[in-house]
Each structure stands twice: as structure tokens, then as C-alpha cells.
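Notes follow once the structure below has been shown.
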Amino acid sequence: MSWGTELWDQFDNLEKHTQWGIDILEKYIKFVKERTEIELSYAKQLRNLSKKYQPKKNSKEEEEYRYTACKAFLSTLNEMNDYAGQHEVVSENLTSQILAGLARYVQELKQERKSHFHDGRKAQQHIETCWKQLESSKRRFERDCKEADRAQQYFEKMDADINVTKADVEKARQQAQVRHQMAEDSKADYSSILQKFNHEQREYYHTHIPHIFQKIQEMEERRIVRLGESMKTYAEVDRQVIPIIGKCLDGIVKAAECIDEKTDSQLVIEAYKSGFEPPGDIEFEDYTQPMKRTVSENSLSNSRGEGKAEPKFGGKPKGKLWPFIKKNKLMSLLTSPHQPPPPPPASASPSAVPNGPQSPKQQKEPLSHRFNEFMTSKPKIHCFRSLKRGLSLKLGAAPEDFSNLPPEQRRKKLQQKVDELNREIQKEMDQREAITKMKDVYLKNPQMGDPASLDHKLTEVIQNIDKLRLEAQKFEAWLAEVEGRLPARGEQRRQSGLYDAQPAPAVNNCAQARESSPDGSYTEEQSQESEVKVLATDFDDEFDDEEPLPAIGTCKALYTFDGQNEGTISVVEGETLYVIEEDKGDGWTRIRRNEDEEGYVPTSYVEVYLDKNAKGAKTYI
């Protein structure tokens, strides 16, 4: 089955068909190109979608991705990013394996087709020229034959006419002979051209055209094969990325299977747990005995033995009624002579004004009412540090020690800060080590650099380490305070101030109140001062029942150290003390002199003797 034999007379149709085949190939190239553009656009949209829902750095969303469900969603976003990458791979492979090759092939195909049909047209023109020559010789032969026939008829007519001279007859005979010779020559020429044309025609239809059409057929078949191969490559390009896309989808499924609702619930507890205990039961107040209740609540001498003593606020009740107020703020409110507890909301009479006269007929306000009013009122700021903290909170800046947070959340924040500072310290120490090694290299090989040029940088790094250590110690102290390993800051000052003489203005106010009283007895201001003082003492006992840390060994002071900073303790050379906490790498050791004196000293100033048997001992020097 050959186009040269079967389609020998379909030159024009073959020319149209081969042009249609090239158009089909170009149409397929355009299709693949648009597919690559779609893949790129789809990949770009997927990446933008994944980027849109990625958590923003240093934002609240980044903290939310601790939960397993959010982690699974983040894994889904990452897998979709990889999924988009596979679509980009598809686009790149289609471009490199199909588009580039087909574009070159189309150009080559066009050139080959042009060459084949040029040869075909050239053969056509040659056979048409031969045909024209044949027709010309044929017409000439026909004309000469007709002329010879007329000359013969004229000669015969002249020869039969008796009136014509013999010369005229001879002339007609000679003319007829010439015409017959011309006809014979035209016949020979026509026969020769006819033979040549038949030969050329056989060559044209049996050799030239079949050969040219065979090449065109091979060209067309190669085009069809190339198109089929391109379609297979098109499918293989997609098939190659299917395993990776499957892995992306498997990753999404695996991330979804890692979602644990119990873990997320525990994370919610860790994120929002305040560390407070629920308030205890509220004690019943018997209003059927108003006089007894008034005496028991307003006369603080009742606790010395008169009648049945009321339970102290500083005792060990089953539950606390003030779980959301810090000890420092509560004690400052109870003990500060410049800021007495706020008056009851119902007391609008002049007797509610401090230092003012009071009617002896008016009953004293129960202490429970005053304390409840204190619990429901907003604490005021009584010192410069509290004022500074309050201003910072109003301006939106959190305090450095995170005291605005509940205990559990504060502990987590302080622990994070300590870990961050330790990482910075380690980084600086690595840098110091690197500079030291470089300095040693410079000392051994002076031609590589000047060792003195590194002194400034080394000093700067050491200073940074010292600053970071001091900062870490500060946050560790706050962390220890929260965890109960250290006494609260300012607690000793409060304890010592509770039993000292109250400031003079308060005493003077009491004296003036006594003098201004009509019957010479104590007024409400004096009883309020006594109530507040006893209440502060009892409330302080509620918090100061922590057991001291056990001793884990002893130490001997090698040098005298004057502890002037907060948290340190002074030691004298040769003094023996108890060790309650080892050096944790920051250069400080925690020691105790007696039950009330403990603090930190430089580790290099003491010689430590750890004793496992001494662990938990409660004897002091």
C-alpha cells in the first residue's frame, strides 16, 4: 500500500492533507503550551493559598499552632506547597520534553514537505512541457499532411486539363512532391517526439511521482508516530508525579491522624491555668445575735481569751476568700498607714471621714464588711514601683517580671525567658571561645594577624556574658519566687515592719480621735488601726508557712564577701555555713547561715563539701 501507486493522480489532495497534518501538530503544541500555563497558574495559586494561611511570625497565630489540630493544618499547608511544586514539575517537563522538541520538528517537517512538493511540481512541469511539444509536432504533421493532400489534388487537376501547358503541369507535380516530403518529415518528427513523451510519461507516473509520494507518505507517517509519542510522553509526565502527589496526600492523612483531642485539651489547661485554688466555703454569719456579733467582730481583744474566739483570717481555713490578690498588694493595703481600707459604701455620714468626730450611738462597722469591701474594691497603688507598674500596664507594656499574669502563666513566661537568656549566654560563650582560639592562632602565627586587635572584641563579649548572667539570675530569682524556692521579695521587710511602731501620723490621728471623742474613749480610727495590724499579722502567717529548703552540705568561706545586692548574703573568711543549692552554672551558690539568713555567694569564694547524709537536715549554725 503505497501512495505512489494508489494516489498517483492525487497530488493536490496530498498537498492539502499534509498541510492539515502539520496544522494538527501545531494545534497539539498549542494545547500542551496552554496546559503548561494552566499548571503554572494552578501551582502559583496553590502556593499563594498556602502562604495566605501560614501563621504570621511573632503573632498570636504562631502560638495557636501548638495544638495538634493546628499542626495538622500547618502540615496540610506545607504538603499543598509541595503539591504545587509537583504541578510546576509537570509544566517544566511538558515544556522540555514535548514543546521544545515538537516546535523544532514542525519546522523540519515544513521544510521537508516543501522540498518534496517542489520536486513533484518540477516533474509535473517537465511532463507538461513534453506534452506541449508532442501536441505541437502533431499539429504540424497534421497541417503538412493536409497541405500535401491539396497539392496532390491540384496536380491531378492540372494534369487532366488539356488547356494547361506542360510547364504548369510539371510545376504542380513538383509542388505536390515537396508537400509530400514535408508531410513525411513532420510524420517522422511527430513519431520521435511521441516516443520521447511516452518514455517521459512512464518515468513520471511509474518512477518520479511514486518516489516523491513515497517520501511524502513516510514524512506523514513519521508525523503521526511523533504525535503519538508526544501523547505518551504527555501521560508519562503526569504519571511520574503521581507517586509524589500521593505522598503529599499521605502526609495530609498522616497529619490528620496525629490530631489528639486529649493533647489539645491539656494544652488549653497549660495555656490558661492560673494556679489559684477555688475559694472555700463562706462561713455563716449569725445575725440573730447582733450584739455578740458586734463584739466578736469589732473587739480584737476577744482573741486573748474573752469568750469564744473568732477564727483568724491568718489561720488555716479550709479555703481562701482572696485567691486572686497577690500577697504583696494585699499586705500593702492592710498595713500601710497612709492608705487605710476604703470605707463601706453605706457610710456617707461625717463619721466615715478619718479623724472626724463620730457619734457614740452609731455602731461600728463589722470587720467582715470592711474586708469584703476591700476584696471587691480595686487596689490602689502605694509605692513608686507599683505606680510605675500601673502606668506601664495602662500604656500597654507588660511588667518585666510578668507580675500581671497568674502564677502558672507567670512561671511559664519566666521559664521561657530564662531559657532564652541561657541560649544567648551559650551563644556568647561560643563566640568567646572562637575569639580565644583565633587569638591563640595569631599568637603562634603573627603573620596571620595582630592578637591585640581581638582584645576589644573579647572584652565586649565577656561584658555581654556578665550582663546576660545577671539578667538570667534576676529572672531565675523571680522564677524561684513563683515556684516557692525563695521567699517573696520584700517579705522580710513586711514582717519586720508589722510589729514596729506605726508611723507618727497614724498615732497622732489616734490621739486626736481620742481627744475629740465626747466620752474620752477610743474612736473607730484607733480600732481600725488595731484591726488592720492584727489582720495583717494573721494574713501574713497564712502565706509564711513554707518549709525551708534542706541543707545538702556545708561550705567554708575562703574570702570575705560583702553581699550588697538583693538576694546575696555577706560572709567572713573562715566562716562555715550550710549549702542549700549548688552552683547551676551561673557562678553562684545558695547558702544559709541560720533560719532567717540565706542568700547567694560567688562559688569561687567558698569551698563546698557536699554531704548526702546532710540532705534534709534542719539544724543551723
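In case it helps, this note's numbering puts the sequence shown at residues 7 to 627. For every residue, glycine included, the Cβ atom is placed at its ideal position computed from N, Cα and C. As the structure is a prediction and not an experimental result, all values here were calculated from the model.
Listed as beta-bridge partners of L583 by DSSP are C561. If you ignore the 5 residues before and after A154, its C-beta comes within less than 6 Å of the C-beta of R185, H186 and A189, all in its own chain and listed in chain order. Look at Y606 here: in three-state DSSP terms it is strand.
One thing to note: I597 has its Cβ within 8 Å of the Cβ of E604. Just measuring C-alpha positions, the residue of E434, G281, D456 and H462 sitting nearest E414 is G281. The beta carbon of V447 sits closer than 6 Å to no other beta carbon from its chain once the five residues preceding and following it are set aside. If the five residues before and after A129 are omitted, its C-beta is found closer than 8 Å to the C-beta atoms of Y210, H214, I215 and I218, all from its own chain and listed in chain order. Per the coordinates, the alpha-carbon of K66 lies some 17 Å from the alpha-carbon of I275. Sixteen is the threshold: since fewer than 16 other Cβ atoms of the shown chains lie within 10 Å of the Cβ of T465, the residue is exposed. According to DSSP, I597 shares a beta bridge with V585 and G605.
Per DSSP, Y448 is one residue of the alpha helix (DSSP H) stretching across P413 to K450. At a Cβ-Cβ threshold of 8 Å, E579 and L555 do not count as neighbours. The DSSP-derived three-state label of T213 is helix.
Short of 7 Å from the beta carbon of Y89, and not among the five residues preceding or following it, lie these beta carbons of its own chain, in chain order: L52, I251 and C254.
Straight across, the Cα-Cα distance linking L583 with L427 is about 30 Å. Each residue's CA atom was taken as its position, placing E43 and G107 some 18 Å apart. In this structure the segment 93 to 110 touches the segment 34 to 49; the number of beta carbon pairs closer than 8 Å is three or more. For a cut-off of 8 Å, the C-beta gap from D592 to A478 is around 6 Å, short enough to register as a contact. For L105, the closest of T239, Y196 and R416 by C-alpha to C-alpha distance is T239.
The residues E434, Q437, R438 and I441, in chain order, have a CB closer than 8 Å to that of V467 in the same chain once the five nearest residues on each side in sequence are set aside. Y196 sits in a helix when the DSSP states are folded into three classes. Contact between T24 and I222 holds: CB atoms are separated by about 6 Å, below the 8 Å threshold. As computed with DSSP, E613 is found in a beta bridge with K562. Less than 8 Å separates the beta-carbon of I265 from that of A78. F290 carries a coil assignment under DSSP once its states are collapsed to helix, strand and coil. Secondary structure at T24: helix, using DSSP grouped into helix, strand and coil.
In this structure, the CA atom of T101 is about 7 Å from the CA atom of K39. N169 and R179 have their alpha carbons spaced roughly 16 Å apart.
When C-alpha distances from F37 are compared across F123, K58, S271 and S236, the shortest belongs to S236.
Within the segment 105 to 152, no run of alpha helix (DSSP H) at least 4 residues long lies entirely inside it.
Within the same chain, and ignoring the five residues on either side of I28 in sequence, the residues whose Cβ sits closer than 8 Å to its Cβ are V112, L115, K116, R119 and R229. For K473, the enclosing alpha helix (DSSP H) begins and ends at D461 to E489.
In the DSSP assignment, Q570 falls outside any alpha helix (DSSP H) and carries neither an H nor an E. Inter-residue distance for K58 and K22 is about 53 Å (C-alpha atoms, whole angstroms). Beta-carbon to beta-carbon, T560 and V585 are separated by about 6 Å, close enough to satisfy the 8 Å threshold. The C-beta distance from E206 to H132 rounds to 7 Å, short enough to fall under 8 Å.
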